[in-house]
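Let me begin by presenting the structure, written as structure tokens, before commenting on it.
Protein chains: 2
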Amino acid sequence: MANDLAQTPKASAAQRIETALREEIAAGELAPGQRLDEIGLATRFGASRTPVREALSRLTAQGVLVQGERRGVFVAEYTRQDLSQIFEAMHEIEAACARIASQRLNLLTKSEIEAAQAKCVEAAQSGDRAAYLRANEAFHTTIYRATGNPYMAEIASEFRHRTGPFRAKKFSTPEDLLASAQSHQDLIDDIFSEDSTTASKGMRDHMEASFLMALKAN
Amino acid sequence: MANDLAQTPKASAAQRIETALREEIAAGELAPGQRLDEIGLATRFGASRTPVREALSRLTAQGVLVQGERRGVFVAEYTRQDLSQIFEAMHEIEAACARIASQRLNLLTKSEIEAAQAKCVEAAQSGDRAAYLRANEAFHTTIYRATGNPYMAEIASEFRHRTGPFRAKKFSTPEDLLASAQSHQDLIDDIFSEDSTTASKGMRDHMEASFLMALKAN
DNA sequence: CGTCACTATTTTGTATACAAAACTAAAAGT
DNA sequence: ACTTTTAGTTTTGTATACAAAATAGTGACG
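Chains as they are written, first to last, in the numbering used here: chain A, -2 to 215; chain B, -2 to 215.
As structure tokens, this is what we get:
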């Protein structure tokens, strides 16, 4: 039995680098607009430029990075307008997920959503911000999966990744965590109503509240 | 002044290969499920494996290609279920575009949409199938642009490209063209109502009708 | 006759090397 | 002093080489 601590025992270097960079960007460790030089990353990850280039190439194709005018790849940097448009698109996609999920509910997906929400509540009550961020992520991912549509789920995940750096700062106070968890509960009620209009409106409301919370943190 | 016939004078080899492959796949020259071997492509394009790998990597990230279980990259092959899921996602995104567009109408976007529709009607009445396909494409793209949200527009375009090979066969009869044009007109009415619910429902109806037409053609 | 093991070939992933492009900076000329 | 040119350095893109993994093929043994 392999060591569980070795997270990705047989992942290629390119994949390791890709996910590592994605996480760092999502966590805001790599600031938007920052330039990523290949050789630096190569030495940092103890690899050559080849796998680094592959990782950068894929992240660029996903919109996490952007290719500069002349030279270099940069962490995607968004103007206020860009951000508002990206969030608008994200809201629409999340609402569509909620809509589809509401039409395809079953005992399994329902229990999965409830389990994910339970973890959110737990993290919120203990005031563990990092844990809540993870649980919140998992909650939304659970809804994506509940659509039963992997294509829909993938776009939604992609947008979540894109907006990661800008959502990272929210949940500044313990009260925010509890408010978010409550908002989740309202959303669940709307989705479980199995009415597509109610479900998508519920998600829009939740996303709106979440967005305002993010704005407040900046 | 440079020669206009040299389409991409300073495009990198990797980009040339990427777009060439994308077009071949969209045109159906490379069949779904077909394996793409790096060395073969390299010799075919007169390049080395490095730019080929970069192109394959990006196309994989975009879902045009898929990585096989064990070995090799393959042209994405969709099962009936996959297709239904992809179309479902596409419908949702198109509906979201219609919804946003309806909230952001102005004289310019209205006239653009009407102009695009006029070309559809013209092509439909003259029974020019190829022209209608182009006009239809332009019509939907116009709606994407009318959202004022390039991110939304890009996802929508992406899905339209993905489903291109499977929508190509529809519009078998001249009556289909006229029916589609009429469906467009209904859709325009719904969008111009400036009621987001009506607009998104209108697009859903249109997409549904269009989808059924595509099914009929197979 | 079938199964297992071992070798050989293909294929992928990574490293390194090199050429071309572009930015930087310094020097020369006006 | 300012522009232009030109050398130098960084950086990107591509090619080739090599190692590791995987599949296929071959033969031996049950």
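Each residue gets a CB set at the ideal place from its N, CA and C atoms; glycine is no exception. A quick note: this is a predicted structure, and the numbers were derived from the prediction, not measured.
Where residue i falls, given that 16 or more other Cβ within 10 Å makes a residue buried
i      : result
B:L216 : This structure cannot settle anything about residue 216 of chain B, because the visible part of chain B is limited to -2 through 215.
B:S261 : With chain B represented from -2 up to 215, any question about residue 261 of chain B goes unanswered, as that position is not in the structure.
A:L130 : buried
A:R41  : exposed
A:L209 : exposed
B:A8   : exposed
B:S207 : buried
A:S197 : buried
A:I36  : exposed
A:E172 : exposed
A:A178 : buried
B:G199 : buried
A:E89  : buried
B:L212 : exposed
B:A98  : buried
A:L104 : exposed
A:E205 : exposed
One or two residues paired with residue i in a DSSP bridge
i     : result
B:R32 : B:F71
B:Q64 : B:V70
Nearest-angstrom beta carbon gap, residue j and residue i [assumed within contact, 8 Å]
i      : j      : result
B:L33  : B:V61  : Incorrect: roughly 11 Å between the Cβ atoms, too far for contact.
A:V72  : A:G43  : 22 Å between Cβ atoms; not a contact.
A:Q59  : B:A11  : The pair is not a contact, with the Cβ atoms about 17 Å apart (cut-off 8 Å).
A:F136 : A:H181 : 6 Å
B:L80  : B:F163 : 6 Å
B:S154 : B:T138 : 7 Å
B:A121 : B:L175 : 5 Å
First through last residue of the alpha helix (DSSP H) which encompasses residue i
i      : result
A:L102 : Taken as a continuous stretch (DSSP letters only), A:L102 belongs to no alpha helix (DSSP H), as it is neither H nor E.
A:G161 : 147 to 164
A:D130 : In the sequence under discussion, the amino acid at residue 130 of chain A is Leu, which differs from the Asp named in the question. It spans 126 to 143 - the alpha helix (DSSP H) in which A:L130 sits, taken as one unbroken run.
A:T57  : 46 to 58
A:L184 : 171 to 189
B:E20  : 10 to 23
Report task. Would you check if there are 3 or more beta carbon pairs closer than 8 Å linking the region 150 to 162 of chain A to the region 12 to 30 of chain A? Result -> yes
Query raised in the report: Can you find at least 3 beta carbon pairs, one from the region 84 to 95 of chain B and one from the region 134 to 146 of chain B, that sit closer than 8 Å?
Result: Contact between the region 84 to 95 of chain B and the region 134 to 146 of chain B is established, with three or more Cβ pairs separated by less than 8 Å.
Requested in this report: Would you be able to state if there are at least three C-beta pairs under 8 Å between the region 38 to 58 of chain A and the region 9 to 19 of chain A?
Outcome: yes
Query raised in the report: Touching or not, the region 98 to 118 of chain A and the region 182 to 190 of chain A, by the rule of three or more beta carbon pairs under 8 Å?
Result: yes
Report task. Report yes or no: do the region 121 to 136 of chain B and the region 81 to 89 of chain B share at least 3 C-beta pairs separated by less than 8 Å? Result -> no
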